[in-house]
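Working notes, structure below.
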Amino acid sequence: MFPSVAVTEAASEPGRDVRTGLDPASLMQAVCDYLYYFQGRHPATASRNDFYLATAYAVRDRLFQRGIQSLDALLHRPDGRTVAYLSAEFLMGPQLAANLVNLGIQDAMREALWRMDIRLEDLIEHEVEPGLGNGGLGRLAACYLDSLATLEIPAIGYGIRYEFGIFNQQIRDGWQVELTDKWLHLGYPWEVARPERAVAVRYGGYTETYTDEDGRYRVRWIPAEIVKGVPHDTPILGYRVKTCNLLRLWRAEAVQTFDFEAFNIGDYARAVEDQVTSETISKVLYPNDASPQGKALRLKQQYFFVACAIEDMLRAHLRFGGTPATFHKRWAAQLNDTHPTVAVPELMRLLLDDHGLEWDEAWEVTQKTFGYTNHTLLPEALETWPIDLFGALLPRHLEIVFEINRRLCDGIRRVYPGDEDRVRRMSLIEEQGRRSLRMANLACVGSHAINGVAALHTELLKSQVLSDWVAMFPERFCNITNGVTPRRFVVVANPGQSKLISETIGDDWPIHLDALRRLETHADDPEFRARWRDVKHANKRQLAAVIKERTGISVDPDSLFDIQVKRIHEYKRQHLNVLHILTLYRRLKLNPDLDVVPRTFVFGGKAAPGYQVAKLIIKLVGATGDLVNDDPDVRGRLKVVFFPNFSVKNGQAIYPAADLSEQISTAGQEASGTGNMKFALNGALTIGTLDGANIEIRDEVGAENFFLFGLTADEVRSAKAGGYAPRAIYEQNDELRAVVDLIASGALAGGDTTLFRSLVDGLLWHDPFMVLADYQSYVACQERVAALWRDPEAWSRMSILNVARMGKFSSDRSIRDYCERVWHVGPLGAPTEGAP
Ligand code: 475
1 MFPSVAVTEA ASEPGRDVRT GLDPASLMQA VCDYLYYFQG RHPATASRND FYLATAYAVR
61 DRLFQRGIQS LDALLHRPDG RTVAYLSAEF LMGPQLAANL VNLGIQDAMR EALWRMDIRL
121 EDLIEHEVEP GLGNGGLGRL AACYLDSLAT LEIPAIGYGI RYEFGIFNQQ IRDGWQVELT
181 DKWLHLGYPW EVARPERAVA VRYGGYTETY TDEDGRYRVR WIPAEIVKGV PHDTPILGYR
241 VKTCNLLRLW RAEAVQTFDF EAFNIGDYAR AVEDQVTSET ISKVLYPNDA SPQGKALRLK
301 QQYFFVACAI EDMLRAHLRF GGTPATFHKR WAAQLNDTHP TVAVPELMRL LLDDHGLEWD
361 EAWEVTQKTF GYTNHTLLPE ALETWPIDLF GALLPRHLEI VFEINRRLCD GIRRVYPGDE
421 DRVRRMSLIE EQGRRSLRMA NLACVGSHAI NGVAALHTEL LKSQVLSDWV AMFPERFCNI
481 TNGVTPRRFV VVANPGQSKL ISETIGDDWP IHLDALRRLE THADDPEFRA RWRDVKHANK
541 RQLAAVIKER TGISVDPDSL FDIQVKRIHE YKRQHLNVLH ILTLYRRLKL NPDLDVVPRT
601 FVFGGKAAPG YQVAKLIIKL VGATGDLVND DPDVRGRLKV VFFPNFSVKN GQAIYPAADL
661 SEQISTAGQE ASGTGNMKFA LNGALTIGTL DGANIEIRDE VGAENFFLFG LTADEVRSAK
721 AGGYAPRAIY EQNDELRAVV DLIASGALAG GDTTLFRSLV DGLLWHDPFM VLADYQSYVA
781 CQERVAALWR DPEAWSRMSI LNVARMGKFS SDRSIRDYCE RVWHVGPLGA PTEGAP
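Under UniProt numbering, the letters of the sequence shown match residues 1 to 836, in that order.
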């Protein structure tokens with residue numbers, strides 16, 4: 001069935017030939033061969049991009065070699081389960097350095113390139129990352145792929161190969177400007193297109209019934225439009241293991257390049273137009289990270305990659321001897337938020353209409369296949385699709401959804417007779433206003449497991465958003481706290497800290513992150529602390545140079561680097577951070593000789609292009625910098641920087657240089673956060689609220705090693721229930737009032753009192769995210785931060801203890817949790833307890 005041919009064997013031993021050798025000589029040969037024979041360049045005249053591509057291709061060979069071996073291993077284990085991670089976003093970050101680290105050939109490649117007078121670091125810097133995600137959710141998917149491969153679990157990430165990813169952000173006159181992300185323009189060497197595995201995706205049209213040969217009543221879908229999905233595969237190698245999985249992203253293509261019929265009748269333009277329309281599907285990533293607009297194209301995108309993925313999975317399953325009824329025994333599919341939820345009716349459709357299963361059997365297969373992860377409680381982020389729109393695009397799926405809903409509502413009525421209000425709440429259809437399909441409800445009914453991404457988030461999910469579902473299906477719910485990959489975010493991003501840790505406690509910590517505990521005893525060693533500080537200082541000098549280059553602002557590496565990087569959103573409260581900066585500024589203006597701790601405040605993050613308040617917050621940060629940075633009374637003691645175009649790549653330069661990590665969302669709003677983990681793993685101390693994973697981070701590192709402030713989620717709720725009046729807080733707090741008045745006065749806007757008016761009024765009259773309520777507690781907490789900073793030994797000790805106790809937040813632990821609680825798979829896909 002699958003010939004384990006001699007060719008595979010010949011190439012199966014890493015290092016056996018020049019093509020796959022891992023020594024500097026083989027690597028140099030491979031890079032040269034690519035330059036010569038693939039790119040047609042002479043090393044003497046090749047550009048940096050030529051060298052980058054040649055190096056990437058040489059690395060990719062070594063990945064594919066391991067990928068083929070992984071596939072081989074899988075094929076010899078026909079009872080195994082493969083994980084399919086379905087996600088509309090994968091924020092992979094740059095690939096070169098991470099792959100070299102996972103292969104263990106960073107030094108060998110550096111040496112190989114050096115022999116050709118090329119600096120590896122220049123090539124790493126040159127790389128453009130595929131920004132195929134908005135933020136946390138997309139980056140989490142990428143961390144999980146890294147961990148799946150490292151834990152040797154067969155897995156495929158399925159998503160969309162957007163031609164344009166998240167926009168590039170420029171700052172002009174303090175305002176965000178969005179530029180198209182043309183990440184493919186110099187060529188993307190990490191992927192391979194597989195046109196022979198294309199899938200036809202159908203849209204629109206109508207359904208009809210017919211009677212098959214056995215006299216059974218069947219339905220068929222007559223679509224109005226067909227689009228081709230072409231897979232592009234990127235190999236995902238684990239850290240120092242042979243397992244190499246796949247990220248398979250789909251690009252939309254017109255079925256025929258020209259509609260010849262239209263061409264013949266002379267309507268050339270329309271034929272080309274149709275092609276353009278088809279290819280629009282994978283054109284661009286929607287840049288909203290919280291409030292999906294009900295755009296038809298977005299639903300088309302969702303169905304597009306889901307249909308491709310399910311078809312691809314089913315094909316593989318049948319090819320290797322499976323039957324439609326055993327699909328769930330070979331595949332565990334995870335819904336990364338509700339974006340891929342149309343997979344539920346899609347799998348049902350294939351099983352019912354194409355493979356003739358009965359409803360109950362198809363439903364059992366479907367439920368056992370899917371798990372659903374919720375990533376946000378924000379009400380505006382809960383996806384719904386107008387029924388008319390959904391039905392026009394996916395008429396057969398709507399019929400199936402209605403039948404799922406009929407059975408669901410019957411079930412609710414059986415368990416809760418007479419409770420029509422509950423039926424109304426749990427129904428897949430929202431009947432108020434424009435009738436619409438509730439994707440979270442569809443995900444819940446179609447999955448055997450439902451999880452939140454941090455303990456508090458799961459509790460809030462269970463007690464609020466999904467409480468009816470918990471009551472009826474309690475066994476489906478579990479928490480799986482997020483994690484991040486220590487390979488990319490420590491080994492690659494922070495070589496100085498990594499080297500020091502490995503010299504001190506050994507080098508197994510990247511795969512056994514709990515081993516960082518061994519650092520605890522060194523926290524009391526003054527010599528170790530001094531080396532720890534030296535590493536941080538070097539990282540800060542590097543970041544200072546980048547800041548100077550990108551913004552023109554000089555910052556002092558001896559100052560406290562106080563950093564907030566994440567999407568710009570009111571609930572994340574970048575403006576609370578600004579209020580603190582302006583508080584310090586005012587104190588210095590009143591008393592220029594005040595002894596303040598010098599600080600560099602760094603902000604970074606993108607605002608959704610249509611989110612005006614978030615864009616105004618960016619402007620406010622810039623205006624604060626303009627006011628503060630060159631004020632003679634400040635004497636350089638406060639610097640405020642907006643670092644443009646925050647991305648995975650920029651994050652890798654920023655996290656290692658942070659002293660203080662700002663995790664200051666309103667309690668109950670941030671599902672988990674993962675930046676909080678990246679900072680802490682790089683030795684930053686956290687100032688934060690009891691929100692998301694902050695709570696668990698604090699539990700791990702110890703309350704005495706965490707700067708906590710602010711209302712709890714419960715307190716936020718009761719404050720709101722009791723009629724929260726921000727204006728009263730403003731009136732009672734002199735310093736707060738002065739700072740808010742400063743913003744309103746126009747002093748940050750060249751005298752213009754209107755620019756920040758909406759922001760100020762929002763705080764004074766509504767303040768839905770309790771910025772004013774938490775202000776005093778935040779400022780007081782920042783004073784404790786400053787006091788500790790004055791004691792470098794105590795600060796270093798705390799920083800070391802933070803890193804030592806962050807083991808829980810490896811994405812390896814998260815993936816083990818998913819394997820145990822949701823997927824029931826082990827290494828190499830071996831079924832584990834509870835496997836279906
Ligand atoms: C949470 N993105 C973080 C992270 O679990 C959490 C929504 C709609 C459309 C497109 N993107 C989105 C998110 O909802 C998102 O990124 N959520 C984030 O997921 C991983 O750590 O707290 O805000």
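No residue lacks a Cβ here, since even glycine has one placed at the ideal position from N, Cα and C.
For clarity, every value in this text was computed on a predicted model and none was experimentally measured.
Outcome for residue i when other beta-carbon atoms lying within 10 angstroms are tallied against a minimum of 16
| i | result |
| --- | --- |
| Arg-529 | buried |
| Asn-494 | buried |
| Glu-9 | Since pLDDT at Glu-9 reaches only 47, below the 50 mark, its modelled position is unreliable, and the value read off the structure follows with that caveat. Glu-9 should be labelled exposed. |
| Ala-97 | buried |
| Ile-222 | exposed |
| Gln-732 | exposed |
| Gly-512 | The sequence shown places His at residue 512, not Gly. Classification of His-512: exposed, given that the 10 Å Cβ count is below 16. |
| Ser-799 | buried |
| Ser-718 | exposed |
| Ala-6 | Reliability fails at Ala-6, whose pLDDT of 41 lies under 50, so the model's placement of it is uncertain and the value that follows must be treated cautiously. Under this definition Ala-6 is an exposed residue. |
| Asp-659 | buried |
| Phe-2 | In this prediction, Phe-2 has a pLDDT of 37, which is less than 50 and means its spatial position is unreliable; nothing more can be read from the coordinates. |
| Ser-554 | exposed |
| Asn-591 | exposed |
| Thr-323 | exposed |
| Asp-714 | exposed |
| Lys-295 | exposed |
| Glu-431 | exposed |
| His-76 | exposed |
Spatially closest choice to residue i from the options, by CA coordinates
| i | options | result |
| --- | --- | --- |
| Asp-33 | Ala-54, Asp-23, Asn-49 | Ala-54 |
| Leu-588 | Leu-736, Asp-631, Tyr-611 | Asp-631 |
| Pro-154 | His-824, Glu-399, Pro-836 | His-824 |
| Leu-389 | Tyr-303, Val-491, Leu-351 | Tyr-303 |
| Leu-382 | Leu-285, Asn-405, Ala-440, Gly-356 | Ala-440 |
| Leu-690 | Glu-704, Asn-705, Gly-710 | Gly-710 |
| Ile-618 | Trp-363, Pro-43, Gln-169, Asp-659 | Gln-169 |
| Val-453 | Ile-695, Leu-660, Val-59, Ala-84 | Ile-695 |
| Gly-104 | Ala-667, Gly-552, Arg-487, Ala-680 | Arg-487 |
| Gly-725 | Gly-702, Pro-768, Asn-705, Gly-688 | Going by the sequence as given, residue 725 is Ala instead of Gly. Closest option to Ala-725, Cα to Cα, is Pro-768. |
| Glu-196 | Met-348, Arg-349, Asp-312 | Asp-312 |
| Lys-720 | Arg-533, Gly-40, Trp-765, Glu-700 | Trp-765 |
| Gly-702 | Ala-680, Glu-399, Thr-485 | Ala-680 |
| Ala-786 | Ser-672, Ala-667, His-580 | His-580 |
| Leu-74 | Tyr-162, Leu-442, Cys-244 | Cys-244 |
| Arg-48 | Arg-19, Gly-21, Arg-119, Leu-27 | Arg-119 |
| Glu-700 | Asp-514, Ile-654, Pro-557, Ala-653 | Asp-514 |
| Ser-467 | Ile-450, Asn-577, Asn-482 | Ile-450 |
Same chain, Cβ closer than 6 Å to residue i, five either side skipped, listed in chain order
| i | result |
| --- | --- |
| Glu-820 | none |
| Gly-746 | Asp-752, Thr-753 |
| Pro-189 | Leu-53, Ala-56, Tyr-57 |
| Arg-115 | Met-28 |
Below-8 Å beta-carbon distance, residue i vs any chain D residue
| i | result |
| --- | --- |
| Arg-315 | You won't find chain D in this structure, because it holds only one protein chain. |
Cut-off 7 Å between Cβ atoms - residues of its own chain near residue i, not counting five sequence neighbours on either side
| i | result |
| --- | --- |
| Thr-583 | Glu-735, Val-739, Val-779 |
Presumed contact (8 Å Cβ cut-off) between residue i and residue j, rounded CB distance
| i | j | result |
| --- | --- | --- |
| residue 863 | Arg-517 | Here the chain covers residues 1 to 836 and nothing more, so residue 863 does not appear. |
| Val-401 | Leu-428 | 6 Å |
| Leu-444 | Tyr-372 | The sequence given here has Cys at residue 444, not Leu. Cys-444 to Tyr-372, Cβ: 7 Å. Contact. |
Own chain residues within Cβ distance below 8 Å of residue i, not counting five before or after
| i | result |
| --- | --- |
| Arg-816 | Leu-151 |
*Do three or more CB pairs link the stretch 583 to 602 to the stretch 683 to 700 at distances below 8 Å?*
The stretch 683 to 700 and the stretch 583 to 602 do not touch, with fewer than three beta-carbon pairs separated by less than 8 Å.
*asked:* Counting beta carbon pairs with one atom in the stretch 436 to 451 and one in the stretch 666 to 677, are three or more of them shorter than 8 Å?
replied: The stretch 666 to 677, when compared against the stretch 436 to 451, does not touch it at the 8 Å Cβ threshold.
*asked:* Assess contact between the stretch 612 to 629 and the stretch 539 to 546, defined as three or more Cβ pairs (one per stretch) separated by less than 8 Å. Is contact present?
replied: In short, these stretches do not touch, since the Cβ pair count stays below three.
*Between the stretch 555 to 566 and the stretch 757 to 769, do three or more beta carbon pairs fall short of 8 Å?*
Short answer: they don't touch.
*Does the stretch 466 to 482 come close enough to the stretch 496 to 509 to have 3 or more Cβ pairs within less than 8 Å?*
They do not touch, by the three-pair rule.
_Is it the case that the stretch 335 to 354 contacts the stretch 78 to 91, given that we only count it when at least three CB pairs across the two stretches are under 8 Å?_
Yes, since at least three Cβ pairs between the stretch 78 to 91 and the stretch 335 to 354 fall closer than 8 Å, the two stretches touch.
_Within 8 Å, do at least three Cβ pairs link the stretch 230 to 238 to the stretch 38 to 57?_
They do not touch, by the three-pair rule.
*Three CB pairs or more closer than 8 Å across the stretch 353 to 362 and the stretch 100 to 109*: No: the two stretches stay apart, fewer than three of their Cβ pairs being nearer than 8 Å.
*Within the chosen definition, does the stretch 53 to 69 reach the stretch 233 to 248 through at least 3 CB pairs nearer than 8 Å?*
The answer is yes - the stretch 233 to 248 touches the stretch 53 to 69, with three or more Cβ pairs under 8 Å.
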